[in-house]
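These notes are about the structure you will find just below.
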Amino acid sequence: MIKEAYMPKAIVSKTLLNAFQLHNKEFAEKVSKQKGSDKTLARYERLEGKIKVFLKKKYKLNDIALDDVQMALATNFYHHLIMDDIGENTAMKYVNTLKQVIDRAIDEGWIKRNAINGFKCTYVQPDRECLEAHEIQKIYKKKIAIKRLEEVRDVYIFCCFTGYAYETTYNLEPENIFKGVDGQLWITKDRAKTGVEETVPLMPIPLAIIKKYKDHPYCVANNKLLPVNSNYRYNVYLKELADICGIRKELTTHTARHTFATTVTLENDVPLETVGKMLGHKDLRSTQIYARITKRKISNNMKELNKKIFTEKGVFKSAS
1 MIKEAYMPKA IVSKTLLNAF QLHNKEFAEK VSKQKGSDKT LARYERLEGK IKVFLKKKYK
61 LNDIALDDVQ MALATNFYHH LIMDDIGENT AMKYVNTLKQ VIDRAIDEGW IKRNAINGFK
121 CTYVQPDREC LEAHEIQKIY KKKIAIKRLE EVRDVYIFCC FTGYAYETTY NLEPENIFKG
181 VDGQLWITKD RAKTGVEETV PLMPIPLAII KKYKDHPYCV ANNKLLPVNS NYRYNVYLKE
241 LADICGIRKE LTTHTARHTF ATTVTLENDV PLETVGKMLG HKDLRSTQIY ARITKRKISN
301 NMKELNKKIF TEKGVFKSAS
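Position one of the sequence shown corresponds to residue 1 (the UniProt record's numbering), numbered consecutively onward.
Now the structure itself:
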C-alpha cells in the first residue's frame with residue numbers, strides 16, 4: 001500500500017479545449033466582478049466555437065492534445081478563417097488570442113512550450129473614417145421631424161463631442177456628471193471595453209443635449225442620461241440619418257468616436273496625451289492611431305508657418 005502511494009499517477013494529457021475552458025472560465029469570473037467586458041468574453045467564446053469547427057473540418061477531430069499542437073495548426077487555422085470570409089485583422093486577432101489561451105495552459109503546468117508562439121501576427125492599419133467639421137455642423141443643424149431620428153442624431157452628436165463609444169453612452173446616468181477642477185461640468189465613466197476611466201469636460205453642445213433630455217420619459221424611468229436605442233436600431237437609424245442629411249460617409253457607432261479624436265481634438269491642437277486620457281486609452285499607442293496627418297492639419301500648420309516667416313505682403317523675413 002505504501003509503495004502504491006508513492007508511485008506516480010498516470011499523466012492525463014490536457015487538450016486545447018481544456019485550455020479554452022480554463023481561460024474562458026477565469027475571464028467569466030472577471031466579468032462577474034466587473035473586471036472584464038461581456039463583449040470580450042463573447043469574443044473568446046466565439047473563438048472556441050471556431051476552433052471546434054476548424055478541428056472537425058481540417059483534422060476530423062473533436063479536440064486535440066496540447067502536446068500535439070504544432071505551428072501548422074496556427075497557419076491552417078488562419079487560412080481557415082480567411083476562407084470563411086473573416087477579415088485579415090480579425091483573423092490575426094483570433095490567432096493571437098489562441099496563443100494567449102495556450103500560454104495560460106503553460107502557466108498551469110500542462111505543457112512546457114507554446115508551439116505556435118512563432119506565428120507572426122501582423123495587422124493592416126485601417127483608415128478610421130471620421131466626419132469633417134462642416135459635416136458635423138450639417139447633421140447638428142438639420143431640422144428633423146421624425147422623433148426617433150432626432151434622438152439618434154442628438155446621441156450621435158453627443159458622442160462626436162465626448163468621444164464616448166456606444167456601450168459607454170448607453171450606460172450613462174445623471175450621476176456620471178460632476179463638477180470638475182475648473183468649476184465646470186465634466187462627465188466620467190469607466191470604458192466598458194477596458195475598464196479605464198474616460199473623463200471629459202463637457203462642451204456647450206453635449207451640455208445642451210443633456211439638458212434637452214433631462215425630463216425625457218425613458219431617461220426618467222430608467223435613470224439614463226440620454227435616450228439611446230439598442231445597438232442594432234441605433235446603427236440602422238444612423239443610415240437613415242446619413243441619407244436625410246446628405247452625408248455620403250457611413251455613420252456608425254465608431255465614426256463619432258473617431259470624429260472626436262481627430263476632427264474635434266487633435267486637429268485643434270489638443271495634445272495627444274490629453275486626447276488619450278479622455279478616450280480611456282491604456283497607452284498612447286492606441287491614441288496614435290488617430291493622429292493621422294489630415295489636409296486640415298497641414299493647412300493650419302502651414303498658415304502658422306507663413307505668419308512666422310513671411311510678412312503680410314509676402315516678403316520673406318530674413319534673419320537679422
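Cβ atoms here follow ideal geometry from the backbone N, Cα and C, with glycine treated the same way.
Along the chain, where does the beta strand (DSSP E) that runs through residue i open and close?
i      : result
PHE20  : Segment 16–32 is the alpha helix (DSSP H) holding PHE20; no beta strand (DSSP E) there.
LYS179 : 177–179
ILE187 : 185–190
Would DSSP call residue i helix, strand or coil?
i           : result
THR199      : strand
PHE119      : coil
PHE77       : helix
ALA221      : helix
residue 367 : The question about residue 367 has no answer, for the chain in this structure spans 1 to 320.
ALA65       : strand
LEU241      : helix
ASN171      : coil
ARG113      : coil
ARG148      : helix
TYR213      : coil
ASP103      : helix
ASN301      : helix
ILE82       : helix
LYS93       : helix
GLY276      : helix
ASN229      : coil
LEU98       : helix
VAL155      : helix
ILE2        : For ILE2, the predicted model reports a pLDDT of 40, less than 50, meaning its position is unreliable and no value from the coordinates is stated.
VAL236      : helix
THR252      : coil
GLU88       : helix
ARG296      : helix
ILE247      : coil
From what residue to what residue does the alpha helix (DSSP H) around residue i run?
i      : result
SER286 : 284–288
VAL270 : Here VAL270 belongs to no alpha helix (DSSP H), and DSSP marks it neither H nor E.
ARG46  : 38–59
THR259 : 255–259
GLU312 : Here GLU312 belongs to no alpha helix (DSSP H), and DSSP marks it neither H nor E.
GLN137 : 133–141
So residue i packs on residue j, CB below 8 Å; how close in whole Å?
i      : j      : result
TYR170 : LEU251 : Their Cβ separation, rounded to whole angstroms, is 17 Å, which puts TYR170 and LEU251 out of contact at 8 Å.
GLU198 : GLY280 : 4 Å
MET278 : GLY180 : That belief does not hold up - the Cβ atoms of MET278 and GLY180 are roughly 12 Å apart, past 8 Å.
LEU16  : ASP84  : With 8 Å as the limit, LEU16 and ASP84 do not qualify as a contact, their Cβ atoms being about 19 Å apart.
ASN114 : ILE106 : 6 Å
TYR166 : TYR234 : 7 Å
PHE119 : ALA74  : 4 Å
LEU238 : VAL152 : 6 Å
THR263 : ALA133 : 6 Å
GLU88  : LYS249 : The Cβ separation is near 23 Å, so there is no contact.
If you draw a straight line from the C-alpha of residue i to the C-alpha of residue j, how long is it?
i      : j      : result
PRO227 : GLU150 : 11 Å
VAL200 : ILE210 : 14 Å
ILE111 : ILE82  : 29 Å
PRO206 : PHE161 : 6 Å
ASP154 : GLN184 : 22 Å
ILE11  : LEU225 : The pLDDT assigned to ILE11 is 45, lower than 50, so where the model puts this residue is not dependable, and the model offers no usable value.
TYR78  : GLN34  : 31 Å
GLN288 : HIS258 : 12 Å
PHE27  : ASP103 : 14 Å
GLU135 : LYS50  : 40 Å
PHE260 : LYS56  : 45 Å
LYS93  : ASP215 : 43 Å
LYS308 : LYS138 : 34 Å
ASN229 : ASN117 : 42 Å
ASP38  : VAL31  : 6 Å
VAL315 : GLU304 : 15 Å
HIS254 : TYR44  : 22 Å
ILE86  : ASN222 : 38 Å
Please name the residue in the options whose C-alpha comes closest to that of residue i.
i      : options                           : result
ASP68  : CYS121, ASP107, SER13 and GLU88   : SER13
LEU172 : ASP182, VAL101, LYS179 and ARG191 : ARG191
TYR290 : TYR234, GLU175, PRO271 and VAL101 : PRO271
LYS142 : LEU241, TYR123, ALA72 and ALA165  : LEU241
GLY109 : VAL315, LEU22 and LYS308          : LEU22
LEU66  : ASN222, ALA42, GLU312 and ALA19   : ALA19
GLU267 : VAL53, LEU131 and LYS99           : LEU131
ARG296 : GLU273, THR311 and ASP269         : ASP269
VAL53  : LYS147, HIS80, ALA256 and ARG43   : HIS80
ALA208 : TYR218, PHE158 and SER318         : PHE158
CYS219 : GLU175, ASP243 and CYS245         : GLU175
Considering only heavy atoms of the ligand GDP, does any lie closer than 8 Å to the CB of residue i?
i      : result
LEU272 : Among the components of this structure there are no ligands whatsoever, and the ligand GDP is therefore not found.
Does residue i come within less than 9 Å of chain E when only Cβ atoms are used?
i     : result
LEU22 : Protein chains in the displayed structure number just one, and chain E is not present.
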